[in-house]
Structure formats: structure tokens, C-alpha cells
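In the working numbering, the protein residues as written are -6 to 215.
Structure (C-alpha cells):
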């Protein structure tokens, strides 16, 4: 398994709770000598589109039955496993160009990938109860955000909903949680772990962007 694909899987699991799979929505065959004769194909390698899923990523983009897929993004595709590996590098909602051979001519088609349900949104695993009770969506800081805020770690509150944070504190969206109960919070997984192991009240520490002052918020856990 390619290293970059392993990294994507791990990042998906940490960030969303499950692997984000892009679906192209095609039934395919590998191009071989027999198929080139049968379908009068003028290239010897690629992946033949035998049929399409109605309203799938490929069909919506304009890929047709009989097209031969030769590249996904910057990755050339010669075999079915190579096509599956190339598509696996994407998440639902992401876009790329797919090269196909059609009527002995090469065409480039812009494709937006869908999820298994036919939508373009990220599929999220049901949030564990301790995290869910806070009433917020979280995201991990990237390297640029850490550098800008001069932090080595933290988890940002992306959006607030009805829950403990909004009900019991005046915490605002954008706040970066750096510690809970004195324990560093480096990822959403760590945030969930600390909350799951804590009983009673917790002290949340962190910062707002462009503000040097450290803020503290206390809430009770059931």
C-alpha cells in the first residue's frame, strides 16, 4: 500500500472517525488484446468503462460508456488496481481531471467525487457521547495555523451548536483548546479520550487567534 494512501487513511480516521472514500461510479474492465479487438480500441493499456452508475460522479461529469480511462489527476492509469488506488487518494467533494480515450481522441474531463450515498459531503462517524455533549465541531490546527498562533498543539472550535459549551460558558467559535485539566490536547482523538476519562468538572484552557491572553472555561460533565 503506498505511503501517501496510508497517511490519508490515518488522517481520515483521526479527523472524521472513518475513512473517506471517493466513488467514481463506473463498472470497468481492464484493456487487453481481446478487448481492443472487440471494441476497436486504439490503445493497449487503460481501464474501459463498461457502464456507469446513474447520477454517479463519472456520469454527472460526462464520462461515457466506452471511454478508456488513462489518467486520474497527475497519475497515469494502466490497470484496474491503479485506477482504484488513484481514486482512493481523494475524498468526497474533491475535484480532479480524468483523462479518457474516446473515439481515438484524448479528452480531459473535470470530475467531482461523490460519497457512497451519492452526495459530495464528508461522511462522519457518529461522535462519541462525551464529545457530542459539548455541542461543537472541532478541527486540528495545521502547521501554518500553529506557526501563526505560536502554538505547538491545539484543537480549534470550528462551529458551536446547542450543548454544554454554549449553555454553560461564553466560549466563541475559533477558540483553540490547548489543554483540558492540565493535559495537552494535540488532536481530536486526544480531546475525546480526555473527556471520556474525566468525571465531574473540567477546566478548558486555550487562546483566540490574534489574542495573546490565555482564556479559561469551566464546565461540568455528567
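Think of the CB as a built atom: it goes at the ideal place given N, C-alpha and C, for glycine as much as any other residue.
Bear in mind the structure is a predicted one, so any value in this text is a computation, not a measurement.
Residue i to residue j, Cα distance in whole Å?
i: residue 52; j: residue 61; result: 14 Å
i: residue 56; j: residue 91; result: 9 Å
i: residue 20; j: residue 66; result: 19 Å
i: residue 14; j: residue 24; result: 25 Å
i: residue 76; j: residue 104; result: 14 Å
i: residue 97; j: residue 73; result: 20 Å
i: residue 170; j: residue 111; result: 35 Å
i: residue 142; j: residue 49; result: 41 Å
i: residue 26; j: residue 39; result: 12 Å
i: residue 192; j: residue 16; result: 42 Å
i: residue 187; j: residue 64; result: 44 Å
i: residue 174; j: residue 213; result: 12 Å
i: residue 216; j: residue 132; result: This structure cannot settle anything about residue 216, because the visible part of the chain is limited to -6 through 215.
i: residue 29; j: residue 4; result: 40 Å
i: residue 70; j: residue 78; result: 9 Å
i: residue 194; j: residue 128; result: 16 Å
i: residue 6; j: residue 95; result: 38 Å
Buried or exposed: where does residue i fall if 16 or more other Cβ atoms within 10 Å of its Cβ makes it buried?
i: residue 164; result: buried
i: residue 84; result: buried
i: residue 196; result: exposed
i: residue 107; result: buried
i: residue 101; result: exposed
i: residue 207; result: exposed
i: residue 190; result: exposed
i: residue 47; result: exposed
Could you check which residue in the options has the C-alpha nearest to that of residue i?
i: residue 199; options: 145, 213, 159, 69; result: 145
i: residue 203; options: -1, 139, 87, 212; result: 139
i: residue 18; options: 8, 71, 109; result: 109
i: residue 209; options: 188, 179, 158, 190; result: 158
i: residue 205; options: 168, 211, 188; result: 168
i: residue 136; options: 160, 179, 153; result: 179
i: residue 161; options: 29, 211, 201, 8; result: 211
i: residue 93; options: 11, 54, 78; result: 54
i: residue 8; options: 201, 176, 130; result: 130
Check the C-beta distance from residue i over to residue j and give it rounded, since I have them as a contact under 8 Å.
i: residue 113; j: residue 86; result: 4 Å
i: residue 58; j: residue 42; result: 6 Å
**Message:** Quick test of the definition: if touching needs 3 or more C-beta pairs under 8 Å, does the stretch 147 to 154 touch the stretch 169 to 188?
**Reply:** yes
**Message:** Three or more C-beta pairs under 8 Å: does that hold for the stretch -3 to 15 against the stretch 31 to 44?
**Reply:** These segments do not touch.
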